[in-house]
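Undergrad: Numbering (my numbering), first residue to last: 38 to 323.
Following this message is one structure expressed as structure tokens.
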Amino acid sequence: MQGLMMDYPLTLQHAFNRAVRIFPRKEIVTQTDNGLHRYTYRDWGKRTLQLANALHSAGVQEGDRVATFGWNTYRHLELYFAVPCMGAVLHTLNIRLFADQLVYIINNAEDKIIFVDGDLVPLLESIADQLTSVKQYVIMGEAPGATGKLQPAIDYEAFIAGQPESYDWPQLDENAAAAMCYTSGTTGNPKGVLYSHRSIFLHSMAVGLTDGLAIGEHDVVLPIVPMFHANAWGLPHATVMFGSKIVLPGRFMDPLSLAHLMAQERVTFTGAVPTIWISMLHVLEK
């Protein structure tokens, strides 16, 4: 005999819908070249839905891989939900990898579209002629060092401009793939690891437990761990689920910039590897 209570698929669509509905005024703050970019969960939700429509218009279908090559920013957070909620798979590319590793990973995953931060465009341009599956590049922000080798390419804001602010999410299996990372911690070529909607949902819930990280609505969370590494330890998903204010450092990862951002935005929780904290301690002790 099977139970009938709570027979509900644990998909990121529900986490997204809940966050926009319950926490519309919460802030998402990103450090950019032009200062701090601020908007609300409501604004983020509208743009995320526009992005989902733009991806659909670009031919992205359920199960397709959409890659990102970028820093921790509000646009990256829009991708974190638009891609899996429409049924595609978010593939976060590690910007620290060697060129030959990136070529292998992109081709092996058969990424269809790559979203790339403007300052990272030259890194992708150096391998563009070796990428066999990519149909389009979307540039996030200004790309002063670009040479035009990424084709066809479109600016992110132009990509989502004019798209509807509503999207009928498909009914997804909670065990469907939502995100993909590659690990180089084994012999041979990097190997793809797939995160299901269910696994991300449950991990996010665990992050909010008192005996977990106890992240909640009243927290101000600064994910320093890169969004291109292990889903940033699940912090982006968890903060959205619990309605925390989110602070994103962009490419400004030096200790002084991070310390200033933490103080200015009154960050209550952050996460990073020990080397970040050691370097910050040295700076603050001077």
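All C-beta atoms, glycine included, are put in the ideal place defined by N, C-alpha and C.
1. What residue range is occupied by the uninterrupted alpha helix (DSSP H) comprising A119?
2. Can you tell me whether DSSP reads K228 as helix, strand or coil?
3. Just to confirm the assignment, what range does the beta strand (DSSP E) spanning T48 have?
4. Compare the Cα-Cα distances from V244 to each of V120, L272 and Q173 and report the closest residue.
5. Is M217 helix, strand or coil when you go by DSSP?
6. In its own chain, which residues sit with a C-beta less than 6 angstroms from the C-beta of L250, not counting the 5 before and 5 after it?
7. I need the DSSP call for M290, collapsed to helix, strand or coil.
8. Rounded to whole angstroms, what's the CA-CA distance from P207 to H319? Just pull it up for me.
9. Under a three-way DSSP split, which group does D137 fall into?
10. Could you tell me the alpha carbon to alpha carbon distance between E202 and M123, rounded to whole angstroms?
11. Are the CB atoms of P286 and Q68 within a distance shorter than 8 angstroms?
12. Cα separation between V230 and D70?
13. Which stretch, first to last residue, makes up the beta strand (DSSP E) that contains E322?
14. I need the straight-line Cα distance from A190 to I176, nearest angstrom please.
15. What do you get for Q39, buried or exposed, if any count of 16 or more other CB atoms within 10 angstroms of its CB means buried?
16. Which residues does DSSP pair with D154 in a beta bridge?
17. Bridge partners for D148 per DSSP, in chain order?
18. By the three-class DSSP mapping on this structure, what secondary structure does S233 have?
19. Measuring CB to CB, does R58 end up less than 8 angstroms from T77?
20. When the Cα atoms are used, what is the spatial distance from Y141 to E115?
21. Give me the residue from Y232, D137, A91 and T169 with the minimum Cα distance to V267.
22. What residue range does the beta strand (DSSP E) around A192 cover?
23. Look up K282 in the DSSP assignment and say whether it is helix, strand or coil.
24. With the cut-off set at 8 angstroms, would you say I143 and A104 are in Cβ contact?
25. Is the separation between the beta-carbon of F238 and that of L47 shorter than 8 angstroms?
26. Could you tell me the distance, in whole angstroms, from the CA atom of F265 to the CA atom of L41?
TA: Reading it off the structure:
1. For the purposes of this step, residue 119 is taken as residue 82 along the sequence shown, with counting starting at 1. Boundaries of the alpha helix (DSSP H) around A119: Y111 to C122.
2. In the sequence shown, residue 228 corresponds to position 191, counting from 1. The three-state secondary structure of K228, taken from DSSP, is strand.
3. By 1-based counting over the sequence shown, the position of residue 48 is 11. No beta strand (DSSP E) holds T48; DSSP gives it neither H nor E.
4. Along the sequence shown, read from residue 1 onward, the residue named residue 244 stands at position 207. Answer by Cα proximity: L272.
5. Working through the sequence shown from its first residue, we reach residue 217 at position 180. In the structure shown, M217 sits in a strand (DSSP, three-state: E or B).
6. As a first step, residue 250 must be located in the sequence shown, where it is residue number 213. Taking L250 as the centre and dropping the five residues before and after it, the same chain places the C-beta of V244 closer than 6 angstroms to its C-beta, in chain order.
7. Counting from 1 along the sequence shown, the entry for residue 290 is found at position 253. DSSP places M290 in coil when its eight states are reduced to three.
8. The residue you call residue 207 lines up with position 170 of the sequence shown. The residue you call residue 319 lines up with position 282 of the sequence shown. Using only the alpha carbons, I get a separation of about 50 angstroms.
9. As a working mapping, residue 137 is identified with position 100 in the sequence shown. Helix at D137.
10. Looking up residue 202 in the sequence shown gives position 165. Looking up residue 123 in the sequence shown gives position 86. Their backbone Cα atoms lie some 14 angstroms apart in a straight line.
11. Numbered from 1 along the sequence shown, position 31 holds the residue referred to as residue 68. Numbered from 1 along the sequence shown, position 249 holds the residue referred to as residue 286. Yes, Cβ-Cβ distance for Q68 and P286 is below 8 angstroms.
12. Indexing the sequence shown from 1 puts residue 230 at position 193. Indexing the sequence shown from 1 puts residue 70 at position 33. Cα-Cα distance, rounded: 33 angstroms.
13. The residue given as residue 322 occupies position 285 in the sequence shown. E322 -> not in any beta strand (DSSP E); alpha helix (DSSP H) instead, spanning P311 to E322.
14. Stepping through the sequence shown from its first residue, residue 190 is reached at position 153. Stepping through the sequence shown from its first residue, residue 176 is reached at position 139. Distance between the alpha carbons of A190 and I176 is about 7 angstroms.
15. Here residue 39 is taken as the residue at index 2 of the sequence shown, counted from 1. Under this definition Q39 is an exposed residue.
16. Here the question's residue 154 lines up with position 117 in the sequence shown. M177, per the DSSP bridge assignment.
17. To locate residue 148, count along the sequence shown from 1; it is residue 111. According to DSSP, which records beta bridges pairwise, D148 is partnered with R102.
18. By one-based count along the sequence shown, residue 233 stands at place 196. It is a strand residue.
19. Counting from one through the sequence shown, the residue named residue 58 turns up at place 21. Counting from one through the sequence shown, the residue named residue 77 turns up at place 40. Contact flag unset, no.
20. Translated into the one-based positions of the sequence shown, residue 141 becomes position 104. Translated into the one-based positions of the sequence shown, residue 115 becomes position 78. Taking the Cα positions, Y141 is about 26 angstroms away from E115.
21. Here residue 267 corresponds to residue number 230 of the sequence shown, with the count starting at 1. The question names Val, but residue 267 in the sequence shown is Ala. Taking the Cα of A267 as reference, the smallest distance to any Cα among Y232, D137, A91 and T169 is reached at Y232.
22. Along the sequence shown, read from residue 1 onward, the residue named residue 192 stands at position 155. First, the amino acid is wrong: residue 192 is Asp here, not Ala. Here the beta strand (DSSP E) through D192 covers A190 to D192.
23. Start at 1 with the first residue of the sequence shown, and residue 282 comes out as number 245. Strand at K282.
24. Within the sequence shown, numbered from 1, the residue matching residue 143 stands at position 106. Within the sequence shown, numbered from 1, the residue matching residue 104 stands at position 67. Yes, these two residues count as a Cβ contact at 8 angstroms.
25. Position 201 of the sequence shown holds residue 238. Position 10 of the sequence shown holds residue 47. Taking C-beta atoms as the reference points, F238 and L47 count as a pair closer than 8 angstroms.
26. As a first step, residue 265 must be located in the sequence shown, where it is residue number 228. As a first step, residue 41 must be located in the sequence shown, where it is residue number 4. Here the alpha carbon of F265 sits roughly 38 angstroms from the alpha carbon of L41.
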